[in-house]
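In this note's numbering, the protein residues as written are 69 to 202. Shown next, in structure tokens, is the structure this report addresses.
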Amino acid sequence: MKLAKAETVQGPLLESFMKTATSLDKAHLVKEGYVIQTNDCIKGCFILTHVSDDDYWLKQLFIHPEITQNLPVLLETIILMTRELKGHKLYLFSHQILLDIILEALYFEETADLPKNLANIQKRSGKWWHYTVT
């Protein structure tokens, strides 16, 4: 599994991936996102957005089912990326029970205390989580 800035990925490779992930906003992914590559194929992506002085938001996370076993490692990698960016908190919104279980195991905490930019975002049913980066 290899991570790369989406903007650095070859056109046909990204186009092929986008056909399998039609709900994604390609322009936003290319601007702020990363892709997850295995064997010269893109198997997932995420967008890590700066939301305040030292807070980041895992705005979008998409992975193909065949790499779901890598989700805990991927989340730990995103935490490390947040640390490298000098982030203090990493926020994300979960609407899946399995993800909630993984987040709790990785010491994320449920939260209702959100930065102003996130507090106004309307989400369907689910939970906001944060991780305090040390």
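C-beta: ideal position from N, C-alpha, C; glycine also. Every value quoted in this text rests on a predicted model; they were computed, and no experiment measured them.
Excluding sequence positions up to five before and after Y124, its CB lies within less than 8 Å of the CB of L116, T117, H118, T150, L153, G155, K157, L158 and Y159, all in the same chain and listed in chain order.
When the five nearest sequence neighbours on each side are left out, the beta carbons in the same chain lying within less than 8 Å of the beta carbon of R192 are those of H163, in order along the chain. E144 and L174 have their C-alpha atoms roughly 8 Å apart. Burial of V201 is indicated by the presence of at least 16 other C-beta atoms within 10 angstroms of its C-beta. V103 is bridged by DSSP to A72 and C113. Every alpha helix (DSSP H) stretch that sits fully inside the segment 114–197 and reaches 4 residues is listed by chain position as 139–152, 165–173 and 184–187.
Separation of P183 and Q190 (C-alpha to C-alpha, rounded to the nearest whole angstrom) is 14 Å.
Excluding sequence positions up to five before and after E75, its CB lies within less than 6 Å of the CB of V98, all in the same chain and listed in chain order.
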